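Have a look at the structure below before the remarks.
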């Protein structure tokens, strides 16, 4: 974002148009995802919605889902994947911890629009950390679906 707030609207308009151009012409069954790291969405949530990505994934595990506050007062129309695995930490999230985070997210996002995913890419982690963390994510998702 430009430092001068007066330039934000033009920048956001350009960014949204650029994003949509990149997804233009894909097959109807192609699902478009976007990812936002370390973002404060309150000022730009409408522009994010205008991007019209099918799914937005967001870094939220370290904030304990606080970054979802922006969605409390904005009816985001598409699906949302709040991160439940802090990939910058060697800690492996337990299934229970992931379930807690997903329940917190489900207070704001309807289950049919909720994805389960890590905060970000996994390049900072070793396989010995990634495999059990992803296994716990899958187990948490299955447990939540079974309880629904």
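Residue numbers (full-length UniProt numbering): 1 to 148. Just so it is clear, CB atoms sit at the ideal spot from N, CA and C, and this is done for glycine as well. All figures in this text were calculated on a predicted structure; none of them were measured in a lab.
> Between the region 6-20 and the region 78-85, do three or more beta carbon pairs fall short of 8 Å?
Replying inline: no
> Mind checking residue 119: buried by the 16 CB within 10 Å criterion, or exposed?
Replying inline: buried
> What is the C-beta distance between residue 95 and residue 139, in whole angstroms, given that I count them as a contact (C-beta under 8 Å)?
Replying inline: 5 Å
>> Report the start-end ranges of each beta strand (DSSP E) in the region 59-119 that is 3 residues or longer and not cut off at the edges.
In response: 79-82
> When the Cβ atoms of the region 34-50 are set against those of the region 97-115, are three or more pairs found closer than 8 Å?
Replying inline: no
> Are residue 51 and residue 34 closer than 8 Å when you measure CB to CB?
Replying inline: For the pair residue 51 and residue 34, the CB atoms are nearer than the 8 Å cut-off.
>> Considering Cα atoms alone, identify which of 58, 13, 115 and 42 is closest to residue 145.
In response: 115
> How would you label residue 131, buried or exposed, when you count the other beta carbons within 10 angstroms and need 16 or more for buried?
Replying inline: exposed
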